[in-house]
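There are 2 protein chains.
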Amino acid sequence: MSVRKKQARAPEESQFPNADFERIFHPESIAILGVSADENAAGFGTGMLRVLMEMGFEGKIYPVNPRGGSVFGLEIYRRVEDIPDRVDFAVIAVAAKLVPPALEACLKIGVAGAEILSSGFSELVTKEGVQLENQIREIASRGIRVVGPNCFGIYCPRSGLTMLPGPDLSRESGNVAFLAQSGGMAIDFAHAGQWRGVRFSKMVSFGNGADLREAELLCHLAGDPETEVISMYIEGIKDGDVFFRELKAAAARKPVIIFKGGLSKAGARSVASHTASMGGSGVIWSSVLKQTGAVQVFDTQELMQAVTAFSLLPKKSFRNIAVIGGGGAIGVAACDIAERHGIDIPPLSGDIRERIESLLPRPGSSAINPVDVANPLVAPSVLKKVLLNAAQDPRIELQIIVSLLFHYNPYAIMLDVPIDKMVPYKELVEAVDDVINKTGKPVVAVLPNARRGPGNMDITSLIASTRQEYVRRGIPVFDELHEAIRAIAHMNTYYGRRENEKR
Amino acid sequence: MSVRKKQARAPEESQFPNADFERIFHPESIAILGVSADENAAGFGTGMLRVLMEMGFEGKIYPVNPRGGSVFGLEIYRRVEDIPDRVDFAVIAVAAKLVPPALEACLKIGVAGAEILSSGFSELVTKEGVQLENQIREIASRGIRVVGPNCFGIYCPRSGLTMLPGPDLSRESGNVAFLAQSGGMAIDFAHAGQWRGVRFSKMVSFGNGADLREAELLCHLAGDPETEVISMYIEGIKDGDVFFRELKAAAARKPVIIFKGGLSKAGARSVASHTASMGGSGVIWSSVLKQTGAVQVFDTQELMQAVTAFSLLPKKSFRNIAVIGGGGAIGVAACDIAERHGIDIPPLSGDIRERIESLLPRPGSSAINPVDVANPLVAPSVLKKVLLNAAQDPRIELQIIVSLLFHYNPYAIMLDVPIDKMVPYKELVEAVDDVINKTGKPVVAVLPNARRGPGNMDITSLIASTRQEYVRRGIPVFDELHEAIRAIAHMNTYYGRRENEKR
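Chains A and B, in that order, are what the protein sequence lines are.
According to the working numbering, the first sequence is numbered sequentially starting from 70.
According to the working numbering, the second sequence is numbered sequentially starting from 70.
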């Protein structure tokens, strides 16, 4: 981190106050205000110090507490002014009423940005809370940018910035950014991304959003070369016009996927007590989001599934797909789901169909598309040939392979072999990977699990390992077929619009 | 099984041919046609013999094969006519063209019913296949009832009848029946039921449905005292008028939940190749199902989730609920989902709210409803008090508790304690169970898991164990909040209609 990349400021950022996002997301030095000398203290400050060290943050860390002392071998400075170094970023975790002077001190020594983990501000809907937050805003306006208060702050794998309680977030950087007011949502999203193969460029939980919030962060991410997909959970927004303008500008450059919570009346009420911002009706949001070109989703799972597809698949639409699986009901379900989402599963051309038929066990199989391989135990080498053949149909743009691996279980029991030794899951993933490389057409994997009791942890573990093999190779995996197809449909919505505009 | 319960034949069954369902579902003796003398043979007949023995089927089993011999210590009879006993039920697993004579022989010795596992009939859409199936139908009409062909047959935990490849299906009998053409779907449904606490009275996969099929089975289940909830997966039906009449009659007596596959054009095409029956448009099906009073769902997961609620919750609607969880975004999501499904999450009355507020950590919590306990690590003893208080609001008919147990992980790592030793999951389930018993109001548990990588099998295992504790006490558990609320909404659709009719 010795050479700092100087990023040119995008022209559209000029409407927002000055912000040195490079120093904020990739600081070389951090001050943490509110660290206890007791290493086992439960406070956010000590917790953050601990997790930054565990994450292997490469920069300097300066704990601050008026009582001084030392912790984890680091000197605790009594005042930020005493720190003998330039400080890029500050983590503020002191009691609400002590936050304004702490922030003021950070401003004074030239800190570029601060995340305020403390709560006790406008979300309390008390006069004192609102006043304290106004003070924060005023200090921020004089030159230090603020994330929060009432937030979990920034997670940035490249620099090692992390959120509480996150000693176990990935250090691998990726192409997805995530913005949310909710810190809990952010941390869960980071973890869900981890086992799905989604890696993040930046994640910001901005809580009450007193200073930095959705519109400006969107604007920054739209110009951020590390970010290819922007995902957001919004409860309410404070400045609608600016937000929708930035959203439209961002969505014109890269996919923006939004889950808007609090669309119901009771939801809006709940938003008010959670992050003190305004909600809005579902119809208005849907129509406005559509106009901006952003993709709307309706829960966090759907958000993560869409992000998985956008992050890992080629940047285009997929109108015609092939579905390969064992068990006829999968084929029927595939057709129903695909039609619901405007995706076609066209019958394969006659000669391809004949070649696939010759590969499959009879009776019970079907080579039309969906291809029903009749039996969940068909060997990966055969599945590979089926996929290679189906890809030869010029209409097919993407293939989905559904593997019911838990169906090996009764045979594993009968043969008294551990299921992970019996299922050729590595060969399966290798076969799929080969098909992708040879055909240039993406394959999406679906790994349902009907066997999830505590007595079947071996199956659950097998499926997790199989998923991990796919994830390692950058192949998207879903639990259920309808999740995969819906995620692809979101890509079609986004890229279909762009492809139409180009015509 | 020595005393056979004589069941009176329900009057409405008289329109259908004679069937001794007691001998079919709870046979005292079974013939299996198509068993090899080789114990490791891969055929369905030998497989069925093996799994019936493993399931502990209490009746007599008579393997049949023209070559004779013995297998697993049992004599193989050359002809069913040689079996020195009355045979209640037959499993036929011989090549398609040998099925009609085999069935004829079973009829001759007075077998009450037979399941034909063999495929190679009308589903092939060949003249020969259709003719063979017509022969089966003709033989059946002379007094032996047939399940199949091209099916996995019957699973009946009470008698130990099971489907292939099912040595590991539960022997615990329950209140849910399941009907499907698809055998693969049936076996997956049986397994999914197992880890969700859903137990089955009877499950029938009837494949091509040459003789016994949906309408008559529905009629039987409507009168079956062991069955309280009927669930079905249908691809197509052969006799629409009879089916809808029986469906209406059954739904008037107990909940019937239907997942109709093949509603799309491509889906209907896929149905044709899978079970050789006719589909139908989505709009028609939805409107007809609504008229019958059956509940329609749109995928197998939704079906299983609905069945879980119908099977385990009191038989009524739940219009007003309380939601308790940690992390504000859960509350917002709860409101949005509930409103979408016509369920209210009313603000708790002032005094109850104050009592709950006094129990919760501040700031960050909210006692309005949804109750945000602010922190996923709140102790079960506190959660219990929250639930007991919320239940005192007379409007609240049901409570949902959302536990993000994976949030214990960073603390388990920091304290170097195995997560299952750290999380008080048994205490949590006990607390919930106590609340249900004390308040008389049901509680539904939601156990999401954002941590499902192969490196987090300890978390997955902890959640499976927690789920099992709930399941053991008959408390419904869901993975996601929206699944729980949608399932409850299905109960409201069904019982709301009945409650309105009573007014």
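Built from N, CA and C at the ideal position, the CB exists for glycine as well.
- prompt: Would you call the region 226-242 of chain B and the region 108-125 of chain B touching, i.e. three or more CB-CB distances under 8 Å?
  reply: yes
message: How far does the alpha helix (DSSP H) with residue 189 (chain B) in it extend, from its first residue to its last?
response: As a position in the second sequence, residue 189 (chain B) is number 120, starting the count at 1. Element bounds for residue 189 (chain B): n/a, residue is neither H nor E.
- prompt: So, helix, strand or coil for residue 313 (chain A), using DSSP?
  reply: As a first step, residue 313 (chain A) is located in the first sequence; it is residue number 244 there, counting from the start. Reduced to three states, the DSSP call for residue 313 (chain A) is helix.
- prompt: Going by C-alpha distance, which of B:247, B:252, B:285 is nearest residue 295 (chain B)?
  reply: Reading the second sequence from its first residue, position 226 is the one you call residue 295 (chain B). Residue B:247 is the option with its Cα nearest to residue 295 (chain B).
- prompt: Taking only runs of the beta strand (DSSP E) that begin and end inside the region 234-277 of chain A, which ones reach a length of at least 3 residues, in chain order?
  reply: Runs found: 242-249, 269-274.
field: Short-range partners of chain B found in the region 171-197 of chain A, where Cβ spacing is below 8 Å
entry: Taking 8 Å as the Cβ-Cβ cut-off against chain B, the residues of the region 171-197 of chain A that qualify are 188, 189, 192, 193.
query: Does the region 441-461 of chain A touch the region 416-431 of chain A, meaning 3 or more C-beta pairs lie closer than 8 Å?
result: With the cut-off at 8 Å, the region 416-431 of chain A and the region 441-461 of chain A touch.
- prompt: What did DSSP end up calling residue 333 (chain A) once you bin it into helix, strand or coil?
  reply: On the first sequence, residue 333 (chain A) is found 264 positions in, with the first residue counted as 1. Coil at residue 333 (chain A), not helix or strand.
task: Mark residue 533 (chain B) as exposed unless 16 or more other C-beta atoms lie within 10 angstroms of its C-beta, in which case mark it buried.
output: Locating residue 533 (chain B) in the second sequence gives position 464, where the first residue counts as 1. Buried is the call here.
query: Is any beta-carbon of chain B found at less than 8 Å from that of residue 375 (chain A)?
result: Counting from one through the first sequence, the residue named residue 375 (chain A) turns up at place 306. No, its Cβ sits nowhere closer than 8 Å to a Cβ of chain B.
query: Residues in its own chain within less than 6 Å of residue 552 (chain B) by CB, not counting five upstream and five downstream?
result: On the second sequence, position 483 is the one that residue 552 (chain B) refers to. Once the five neighbours on either side are set aside, the close Cβ partners of residue 552 (chain B) are 374.
field: Touch test, the region 543-552 of chain B against the region 512-524 of chain B, Cβ-Cβ under 8 Å, three pairs minimum
entry: yes
- prompt: Which residues of chain A have a Cβ atom closer than 9 Å to the Cβ of residue 480 (chain B), listed in chain order?
  reply: Walking along the second sequence from the start, residue 480 (chain B) turns up at place 411. Residues of chain A passing the Cβ test: 234.
field: Limits of the unbroken beta strand (DSSP E) element including residue 132 (chain A)
entry: Taking the first residue of the first sequence as position 1, residue 132 (chain A) is located at position 63. Residues 129-133.
field: For residue 562 (chain A), the nearest candidate out of A:411, A:353, A:155 (CA to CA)
entry: The count along the first sequence starts at 1 and reaches residue 562 (chain A) at position 493. Comparing Cα-Cα distances from residue 562 (chain A) to each of A:411, A:353, A:155, the minimum goes to A:411.
field: Interface flag, residue 572 (chain A) vs chain B, CB-CB below 8 Å
entry: Taking the first sequence and counting its residues from 1, the one referred to as residue 572 (chain A) is at position 503. Taking Cβ atoms only, chain B never reaches closer than 8 Å to residue 572 (chain A), which makes this a no.
task: For residue 529 (chain A), go through chain B and note every residue whose CB falls closer than 9 Å to its CB, in chain order.
output: Taking the first sequence and counting its residues from 1, the one referred to as residue 529 (chain A) is at position 460. Per Cβ cutoff of 9 Å: 521, 526, 529, 530, 533.
field: residue 287 (chain A) beta carbon less than 8 Å from that of residue 319 (chain A)
entry: Sequence index remark: in the first sequence, residue 319 (chain A) carries index 250 (1-based). Sequence index remark: in the first sequence, residue 287 (chain A) carries index 218 (1-based). It is a contact, given that the beta carbons lie within the stated cut-off.
- prompt: Can you give the Cα-Cα distance for residue 536 (chain A) and residue 473 (chain B), rounded to whole angstroms?
  reply: For this step, residue 536 (chain A) is matched to residue 467 along the first sequence. For this step, residue 473 (chain B) is matched to residue 404 along the second sequence. Spanning the two alpha carbons is a distance of roughly 23 Å.
task: Enumerate in chain order the residues of its own chain whose CB-to-CB distance from residue 212 (chain A) is below 8 Å, with the five nearest sequence positions on each side excluded.
output: Looking up residue 212 (chain A) in the first sequence gives position 143. Here the set comprises 87, 176.
query: Quick one: which chain A residues come within Cβ less than 8 Å of residue 143 (chain B)?
result: Looking up residue 143 (chain B) in the second sequence gives position 74. The contacting residues do not exist; residue 143 (chain B) stays about 18 Å from chain A at best.
field: Bounding residues of the beta strand (DSSP E) (the contiguous stretch that carries residue 301 (chain A))
entry: What you label residue 301 (chain A) is simply residue 232 of the first sequence in a count that begins at 1. Here the beta strand (DSSP E) through residue 301 (chain A) covers 298-303.
Beta strand (DSSP E) segments (min. 3 residues) lying fully within the region 116-180 of chain B: 129-133, 158-161
message: Tell me the residue span of the alpha helix (DSSP H) that contains residue 105 (chain A).
response: Here residue 105 (chain A) is taken as the residue at index 36 of the first sequence, counted from 1. Note, residue 105 (chain A): premise wrong, no alpha helix (DSSP H); not H, not E.
message: Please confirm whether residue 556 (chain B) has its beta-carbon closer than 8 Å to some beta-carbon of chain A.
response: As a first step, residue 556 (chain B) must be located in the second sequence, where it is residue number 487. With 8 Å as the cut-off, residue 556 (chain B) does not count as an interface residue toward chain A.
- prompt: Taking any Cβ of chain B, which residues in the region 310-334 of chain A have a Cβ under 7 Å from it, in chain order?
  reply: 330, 331, 332, 333, 334
message: Tell me the DSSP secondary structure of residue 382 (chain B) in three-state form.
response: The count along the second sequence starts at 1 and reaches residue 382 (chain B) at position 313. Coil at residue 382 (chain B), not helix or strand.
field: 8 Å Cβ cutoff, residue 514 (chain B) in contact with chain A
entry: One-based indexing of the second sequence puts residue 514 (chain B) at position 445. Residue 514 (chain B) does not count as touching chain A.
- request: Measure from the alpha carbon of residue 253 (chain B) to the alpha carbon of each residue in A:131, A:120, A:519, then state which is nearest.
  value: Start at 1 with the first residue of the second sequence, and residue 253 (chain B) comes out as number 184. Among A:131, A:120, A:519, the Cα nearest to that of residue 253 (chain B) is on A:519.
message: Starting from residue 295 (chain B), trace the beta strand (DSSP E) in both directions and tell me its first and last residue.
response: Walking along the second sequence from the start, residue 295 (chain B) turns up at place 226. Element bounds for residue 295 (chain B): n/a, residue is neither H nor E.
- request: Take residue 270 (chain A) and list the residues in its own chain whose beta-carbon comes closer than 7 Å to its own, dropping the five residues that flank it on each side.
  value: As a working mapping, residue 270 (chain A) is identified with position 201 in the first sequence. Excluding residues within five positions, the ones whose Cβ falls inside 7 Å are 242, 243, 244, 245, 246, 293, 295, 296.
- prompt: Using 8 Å as the threshold, is the region 272-279 of chain B in touch with the region 385-393 of chain B, meaning 3 or more CB pairs across them?
  reply: No: the two stretches stay apart, fewer than three of their Cβ pairs being nearer than 8 Å.
- prompt: By how many angstroms is the C-alpha of residue 531 (chain A) removed from the C-alpha of residue 142 (chain A)?
  reply: Counting from 1 along the first sequence, the entry for residue 142 (chain A) is found at position 73. Counting from 1 along the first sequence, the entry for residue 531 (chain A) is found at position 462. Their backbone Cα atoms lie some 42 Å apart in a straight line.
message: Is there a Cβ of chain B sitting closer than 8 Å to that of residue 408 (chain A), yes or no?
response: Translated into positions along the first sequence, residue 408 (chain A) becomes position 339. Cβ-Cβ to chain B under 8 Å: yes for residue 408 (chain A).
query: Between residue 478 (chain B) and the rest of its own chain, which residues show a CB-CB distance below 7 Å, the 5 nearest in sequence each way excluded?
result: On the second sequence, residue 478 (chain B) is found 409 positions in, with the first residue counted as 1. Within the same chain, and ignoring the five residues on either side of residue 478 (chain B) in sequence, the residues whose Cβ sits closer than 7 Å to its Cβ are 488, 520, 528.
task: Put residue 31 (chain A) into one of helix, strand or coil per three-state DSSP.
output: The first residue shown for chain A is 70 and the last is 572, placing residue 31 (chain A) beyond what the model contains.
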